[in-house]
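Undergrad: Residue numbers (my numbering), protein chains in the order written: chain A, 2 to 178; chain B, 1436 to 1660.
We treat Cβ as the ideally placed atom computed from N, Cα and C, and that holds for glycine.
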């Protein structure tokens, strides 16, 4: 366990600089719009600053920040009917692996169709490198429920990559869960 | 553990295996192939998720907004401009090369939490992440404790820690040109660091007090192909 740091401005600055990139990407996958993701992140970290001293264990700081970003996304979503834009072509072209460019695009398109209940745990595990316990903490559900969700999400993704026809069915089923 | 249960656990997290699950995977070619397939998809996902650009100066804007939210918009705009100038000035006028290595060691010295973190990362995940910066990483057999994308000196690098032969060692790969010659062992707080240059990137190896330059250089050459 790392020492409790309290509400230190230099510590806040340092943590923000360290985690802004990954938190922005998480917000972007939730919001699917760069401007909205930036607004969500700015608001979330402003809230985080107000409650900075509440985190007693520095090892839990990162998961706590993800939780605040996620909560801010849902708070923002409840505020009103903001249209969700699909990621544009320029962003699609940023898929890094040119050797398998088509599959990369396909994976992105499939992930965009996944319902939030499936997408969130996958993004948290693959973007943040979180364990099932940490994902459970961010989502506010039990570890067992997280493992079930993660398991179903990967199974759905696998099915959708293999059989394009199953895509809409899986998305609909997941949305209902 | 039967195959169905093993598959369910692999689908939940193919990277972190309990001893029982590990034994099941090692004893079944079907399970091993299944895990490989999941790992490949996860690697693709990882690449895709980190491929989006982050708006320039976002971290600085967030810091300013959090601290000075109640001040007027004009005040905020002025402060943002001053910060932008403060950031840009050393870039244009300062001794750039030495700053890169100083910024790297300062980052590592400050990131106490990263030395404590021990979630365990698969070598393939690390390789894919660092490969995005054009650098190959070897699996030198050291357990990888932690991996993160970190902003250092305004650039996004990869920071990972391993259990080295003499304790935890941090590595930082940053897409920036450091000094032309390998610098002496740098010191910052209780952290010691050595550096090397690759095309377009600077790589640093860091350990706490007690580590010497030869140990760190040896580790760096073991880990980076």
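Helix, strand or coil for residue 19 of chain A, going by three-state DSSP, please let me know.
TA: Note: residue 19 of chain A maps to helix in three-state DSSP.
Undergrad: What did DSSP end up calling residue 1586 of chain B once you bin it into helix, strand or coil?
TA: Note: residue 1586 of chain B maps to strand in three-state DSSP.
Undergrad: So, is the C-beta of residue 65 of chain A closer than 8 angstroms to a C-beta in chain B?
TA: Taking Cβ atoms only, chain B never reaches closer than 8 angstroms to residue 65 of chain A, which makes this a no.
Undergrad: Is DSSP giving residue 1643 of chain B helix, strand or coil here?
TA: Strand.
Undergrad: Going by DSSP, name the residue or residues bridged to residue 1572 of chain B.
TA: In DSSP, residue 1572 of chain B forms a bridge with B:1659.
Undergrad: Listed in chain order, which residues of the region 1469 to 1487 of chain B have Cβ atoms closer than 8 angstroms to some Cβ of chain A?
TA: Against chain A - using a Cβ distance shorter than 8 angstroms - the residues of the region 1469 to 1487 of chain B are 1472, 1473, 1476, 1477, 1479, 1480, 1481, 1482, 1483, 1484, 1485, 1486, 1487.
Undergrad: At which residue ranges does the region 1614 to 1638 of chain B contain complete beta strand (DSSP E) runs of 3 or more residues, listed in the order of the chain?
TA: Counting whole runs of 3 or more residues, the region 1614 to 1638 of chain B contains the beta strand (DSSP E) stretches 1621 to 1623, 1626 to 1633.
Undergrad: So for residue 58 of chain A, helix, strand or coil by DSSP?
TA: Note: residue 58 of chain A maps to coil in three-state DSSP.
Undergrad: Are the beta-carbon atoms belonging to residue 133 of chain A and residue 1447 of chain B less than 8 angstroms from one another?
TA: Cβ atoms of residue 133 of chain A and residue 1447 of chain B: closer than 8 angstroms.
Undergrad: Is residue 1634 of chain B close to chain A, meaning its C-beta is less than 8 angstroms from at least one C-beta of that chain?
TA: It does not: the Cβ of residue 1634 of chain B has no partner Cβ on chain A nearer than 8 angstroms.
Undergrad: Where residue 77 of chain A and residue 152 of chain A are concerned, what is the direct C-alpha to C-alpha distance, given to the nearest angstrom?
TA: Rounded to the nearest angstrom, the two C-alpha atoms are 29 angstroms apart.
Undergrad: Can you tell me whether residue 1453 of chain B is buried or exposed, with buried defined as 16 or more other CB within 10 angstroms of its CB?
TA: Exposed, because fewer than 16 other Cβ atoms sit within 10 Å of the Cβ of residue 1453 of chain B.
Undergrad: Does residue 31 of chain A pass the burial test, meaning 16 or more other C-beta atoms within 10 Å, or should it be called exposed?
TA: Looking at its Cβ environment, which holds 16 or more other Cβ atoms inside 10 Å, residue 31 of chain A is buried.
Undergrad: Pull out every residue of the region 116 to 132 of chain A whose Cβ sits closer than 8 angstroms to any Cβ of chain B, in chain order.
TA: Against chain B - using a Cβ distance shorter than 8 angstroms - the residues of the region 116 to 132 of chain A are 123, 124, 126, 127, 128, 130, 131, 132.
Undergrad: Apart from the five residues just before and just after residue 1444 of chain B, which ones in its own chain have a Cβ nearer than 6 angstroms to its Cβ?
TA: Here the set comprises 1456.
Undergrad: Do you know how far the Cα of residue 111 of chain A is from the Cα of residue 1414 of chain B?
TA: What is shown of chain B runs 1436 to 1660, which leaves residue 1414 of chain B out entirely.
Undergrad: Thinking C-alpha only, which one of B:1476, B:1458, B:1636, B:1578 is nearest residue 1558 of chain B?
TA: Closest option to residue 1558 of chain B, Cα to Cα, is B:1578.
Undergrad: Between which residues of its own chain and residue 1507 of chain B is the CB-CB distance below 6 angstroms, once the five residues before and five after are set aside?
TA: Because the pLDDT of residue 1507 of chain B is 46, which lies under 50, any placement of that residue in the model is unreliable, and the number read from its coordinates should be weighed accordingly. Contacts found: none.
Undergrad: Measure the alpha-carbon distance for residue 1505 of chain B versus residue 1490 of chain B and round it to whole angstroms.
TA: Reliability of the predicted coordinates at residue 1505 of chain B is poor, the pLDDT of 40 falling under 50, and no value is obtained from them.
Undergrad: Which residues, in order along the region 143 to 157 of chain A, keep a beta-carbon less than 7 angstroms from a beta-carbon of chain B?
TA: Residues 148, 151, 152, 155, 156.
Undergrad: Using beta carbons (cut-off 8 angstroms, strictly below), is residue 1574 of chain B in contact with chain A?
TA: Judged by the 8 angstroms Cβ criterion, residue 1574 of chain B is not in contact with chain A.
Undergrad: Whole angstroms are fine: how far does the CA of residue 1480 of chain B sit from the CA of residue 1451 of chain B?
TA: Spanning the two alpha carbons is a distance of roughly 17 angstroms.
Undergrad: Ignore the nearest five residues each way along the sequence and tell me which others in residue 28 of chain A's own chain have a CB closer than 6 angstroms to its CB.
TA: Excluding sequence neighbours, residue 28 of chain A sits near 38, 41, 42, 70.
Undergrad: Under the three-state reduction of DSSP, which class applies to residue 69 of chain A: helix, strand or coil?
TA: Helix, per DSSP.
Undergrad: Near residue 164 of chain A, what residues of its chain come up, given a Cβ to Cβ distance below 7 angstroms and the 5 sequence neighbours on each side ignored?
TA: So the list is empty, once near-sequence residues are dropped.
Undergrad: Roughly how far, in whole angstroms, is the beta-carbon of residue 1564 of chain B from the beta-carbon of residue 1593 of chain B, given that I think they are within contact range, below 8 angstroms?
TA: With 8 angstroms as the limit, residue 1564 of chain B and residue 1593 of chain B qualify as a contact, their Cβ atoms being about 6 angstroms apart.
Undergrad: Per DSSP, what are the beta-bridge partners of residue 1603 of chain B in this structure?
TA: Partner(s): B:1598.
Undergrad: If you draw a straight line from the alpha carbon of residue 1538 of chain B to that of residue 1462 of chain B, how long is it in whole angstroms?
TA: So the alpha carbons of these two residues sit roughly 47 angstroms apart.
Undergrad: What span of residues does the alpha helix (DSSP H) with residue 1565 of chain B cover, start to end?
TA: 1558 to 1566 is the span of the alpha helix (DSSP H), which, as asked, contains residue 1565 of chain B.
Undergrad: Counting beta carbon pairs with one atom in the region 107 to 121 of chain A and one in the region 42 to 54 of chain A, are three or more of them shorter than 8 angstroms?
TA: Touching, no.
Undergrad: Please confirm whether residue 1558 of chain B has its beta-carbon closer than 8 angstroms to some beta-carbon of chain A.
TA: No, its Cβ sits nowhere closer than 8 angstroms to a Cβ of chain A.
Undergrad: Does the beta-carbon of residue 130 of chain A have 16 or more other beta-carbons within 10 angstroms, so that it is buried, or is it exposed?
TA: Its Cβ being crowded by 16 or more others within 10 Å, residue 130 of chain A is buried.
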